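*Asks:* Handing you this structure, nothing more for now.
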Amino acid sequence: VVPIVFTDYFMDYEPESCFVAEVGGVVIGYLVATKDVRRYYGVFWRKIIPRLILRFAWKILTFQYRKKRSYMTLWWLLARSWREIPRVQMDRYPARLHMNVEAGYRIGVGTKLGCAIINHFREAGVQGVHGIFAEPAGDPRMSRWLQRRLGFKETAQSKLSVWGNMTGHRWVFKLAVLDLSVSGRTK
645 VVPIVFTDYF MDYEPESCFV AEVGGVVIGY LVATKDVRRY YGVFWRKIIP RLILRFAWKI
705 LTFQYRKKRS YMTLWWLLAR SWREIPRVQM DRYPARLHMN VEAGYRIGVG TKLGCAIINH
765 FREAGVQGVH GIFAEPAGDP RMSRWLQRRL GFKETAQSKL SVWGNMTGHR WVFKLAVLDL
825 SVSGRTK
């Protein structure tokens, strides 16, 4: 389910905003993005959500979800996720990125992926980009990396209840934004 939520739109509707990093022929990270999150939401609700609902229903009816975690996650997606995710000023930061890079490669490869998408957005005339990511409370490594390496600014934080309930540790969503209308650094 997670690949559908995080990659289907990007791969099907905006492949020019998708980047993959390999080392020795092995994928160690990716970055997918949209220049217009409003368009993303429109397609997501009309085309992707119906597929997800059918998939969830099939897996529930055929008892493929056996773990309590699966049901906790489904309940969170339906009942709480939309309330816990920080709100974005979409008129100022219309682009969104989603990145996942193996821990040992984040500083080098992650920075290169981030710079590639920022340059891609600038060339397309996008005025701002945002990312929403999860971090353990009190562990600001990701937000520091986004700030130091790519120039993002953390603007909001909210509780991420589902991971806290599953791990026993407190997790938070963080919203990071980057204004591309001003000259910024990209390495």
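Residue numbers (the numbering used here): 645 to 831.
By construction, the Cβ of each residue, glycine as well, lies at the ideal position given by its N, Cα and C atoms.
Since the structure is predicted, the reported quantities are computational estimates derived from the model, not experimental observations.
Going straight from the alpha carbon of residue 705 to that of residue 693, what length do you get?
*Replies:* One-based indexing of the sequence shown puts residue 705 at position 61. One-based indexing of the sequence shown puts residue 693 at position 49. The alpha-carbon atoms of residue 705 and residue 693 are separated by roughly 18 Å.
*Asks:* Measure the C-alpha to C-alpha separation of residue 687 and residue 653 and round it to an integer number of angstroms.
*Replies:* As a working note, residue 687 is residue 43 in the sequence shown. As a working note, residue 653 is residue 9 in the sequence shown. Rounded to whole angstroms, residue 687 to residue 653 spans 7 Å at the Cα level.
*Asks:* Ordered along the chain, which non-local residues of its own chain (more than five positions away) have a Cβ less than 6 Å from that of residue 769?
*Replies:* Looking up residue 769 in the sequence shown gives position 125. If we look at residue 769 and ignore the five residues flanking it on each side, it has no Cβ neighbours.
*Asks:* Below 8 Å on the Cβ atoms is my guess for residue 701 versus residue 761; work out the distance and round it to an integer in Å.
*Replies:* Within the sequence shown, the letter at position 57 stands for residue 701. Within the sequence shown, the letter at position 117 stands for residue 761. That belief does not hold up - the Cβ atoms of residue 701 and residue 761 are roughly 35 Å apart, past 8 Å.
*Asks:* Compute the Euclidean distance between the alpha carbons of residue 773 and residue 821, then round it to the nearest angstrom.
*Replies:* Translated into positions along the sequence shown, residue 773 becomes position 129. Translated into positions along the sequence shown, residue 821 becomes position 177. Cα to Cα, residue 773 sits roughly 6 Å from residue 821.
*Asks:* Rounding to the nearest angstrom, what Cα-Cα distance links residue 751 and residue 793 in this structure?
*Replies:* For this step, residue 751 is matched to residue 107 along the sequence shown. For this step, residue 793 is matched to residue 149 along the sequence shown. Cα to Cα, residue 751 sits roughly 8 Å from residue 793.
*Asks:* Would residue 738 and residue 802 qualify as a contact pair, given that the criterion is a beta-carbon distance under 8 Å?
*Replies:* For this step, residue 738 is matched to residue 94 along the sequence shown. For this step, residue 802 is matched to residue 158 along the sequence shown. No, they are not a contact pair.
*Asks:* Looking at the secondary structure, which residues open and close the alpha helix (DSSP H) in which residue 780 lies?
*Replies:* In the sequence shown, the residue the question calls residue 780 occupies position 136. Element bounds for residue 780: not the alpha helix (DSSP H) but the beta strand (DSSP E), 772-780.
*Asks:* Pull up the distance between the alpha-carbon of residue 742 and that of residue 658, whole angstroms please.
*Replies:* What you label residue 742 is simply residue 98 of the sequence shown in a count that begins at 1. What you label residue 658 is simply residue 14 of the sequence shown in a count that begins at 1. Distance between the alpha carbons of residue 742 and residue 658 is about 13 Å.
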